[in-house]
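What follows is a short report on a single structure.
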């Protein structure tokens, strides 16, 4: 009887351990940045969809406080965050492990400008890069494309905090604030207390991609995300999500990209491993649904 009782307790113990292991395996928690804006929510939901293609179950845990870009890079390289999304450059791709699928199909490199209300006439005469070089542009100090703009001879005023830029523009610290096509229309609504509008005539274009990044020693997670994103591209889910996401859909309608004057500049900070040859990954201005 004692032997039977002992064996039964041992079996129960083993089952309990195995169930706990299974439960833990089904609930992998990933720490990410706070996703409070429409821009961040787009990438947050895209990450969830990519990970849902895995045979594992992930739970995304957002930080309470939003981090700036310098903090994001520091946190992921020190394994305090599992996944971040930022615009790429060669330095980032050396510090961290990129998943080279452009989350916005390169739309981030198509820049509109936020300007002060009532000043549109000052920008309507701009036709060339040289014209643009006469003005001051606002940027985040650590943003990947800040170097791109400076390398093109543009006069750039920087700050570490994203939120500061709207108030600095309103205060006359610079003339215009370049934003990815999908960003400015939502942002001027969010900062409705400031007299800011989206400029109507110009489009600055350069190669740029936003990627998911993980730490260099988290290759398995990178593989899971990449596999999920590629599956979404293959079955059309990625494009369906991108073009129908309200922020992107509305911005493409409002931006009227076809009628804007386009100024092209180079981006020497893009890695040689950037998948430019895969046309499925990039926005084609000739075809916007």
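Residue numbers (our numbering): 1193 to 1481.
Glycine is no exception: its CB is placed at the ideal position from the N, C-alpha and C atoms.
Model, not experiment: these values are computed from the prediction.
Anticipated Cβ contact below 8 Å, residue i with residue j, distance rounded
i	j	result
residue 1323	residue 1279	That belief does not hold up - the Cβ atoms of residue 1323 and residue 1279 are roughly 25 Å apart, past 8 Å.
residue 1313	residue 1460	About 34 Å separates the two Cβ atoms, so there is no contact after all.
residue 1253	residue 1276	Not a contact, Cβ separation roughly 13 Å.
residue 1474	residue 1290	About 16 Å separates the two Cβ atoms, so there is no contact after all.
residue 1400	residue 1300	5 Å
residue 1419	residue 1245	7 Å
residue 1467	residue 1308	The pair is not a contact, with the Cβ atoms about 38 Å apart (cut-off 8 Å).
Per-residue DSSP class, three states only, for residue i
i	result
residue 1369	strand
residue 1250	strand
residue 1475	coil
residue 1223	strand
residue 1329	strand
residue 1295	coil
residue 1441	helix
residue 1411	helix
residue 1396	strand
residue 1271	coil
residue 1376	helix
residue 1425	helix
residue 1467	coil
residue 1320	coil
residue 1453	strand
residue 1347	strand
residue 1386	coil
Member of the options whose CA lies at the smallest distance from the CA of residue i
i	options	result
residue 1462	1228, 1403, 1367	1403
residue 1258	1419, 1228, 1391, 1298	1228
residue 1398	1233, 1383, 1373, 1392	1373
residue 1296	1307, 1363, 1360, 1239	1239
residue 1266	1246, 1406, 1371, 1345	1406
residue 1226	1246, 1273, 1250	1273
residue 1456	1334, 1302, 1366, 1371	1302
residue 1328	1409, 1370, 1221	1370
residue 1325	1317, 1346, 1311	1346
residue 1433	1230, 1465, 1237	1237
residue 1454	1464, 1444, 1425, 1394	1394
residue 1444	1465, 1251, 1256, 1304	1304
residue 1330	1340, 1450, 1367	1367
residue 1232	1469, 1249, 1255	1255
residue 1377	1298, 1286, 1396, 1446	1446
residue 1441	1260, 1468, 1286, 1375	1375
residue 1477	1359, 1450, 1261	1450
Start and end residues, alpha helix (DSSP H) containing residue i
i	result
residue 1287	1282-1287
residue 1429	1429-1436
residue 1339	1336-1343
residue 1241	1230-1244
residue 1358	1356-1362
Check: residue i C-beta below 7 Å from any heavy atom of the ligand MN
i	result
residue 1288	As presented, the structure is devoid of all ligands, the ligand MN included, so that no description of it is given.
Residue i, enclosing beta strand (DSSP E) - first and last residue
i	result
residue 1279	1276-1279
residue 1403	1402-1406
residue 1308	1302-1308
query: Pairing CB atoms from the region 1413-1427 with CB atoms from the region 1382-1391, are three or more of them under 8 Å?
result: no
query: Three or more beta-carbon pairs under 8 Å between the region 1350-1359 and the region 1433-1444, yes or no?
result: no
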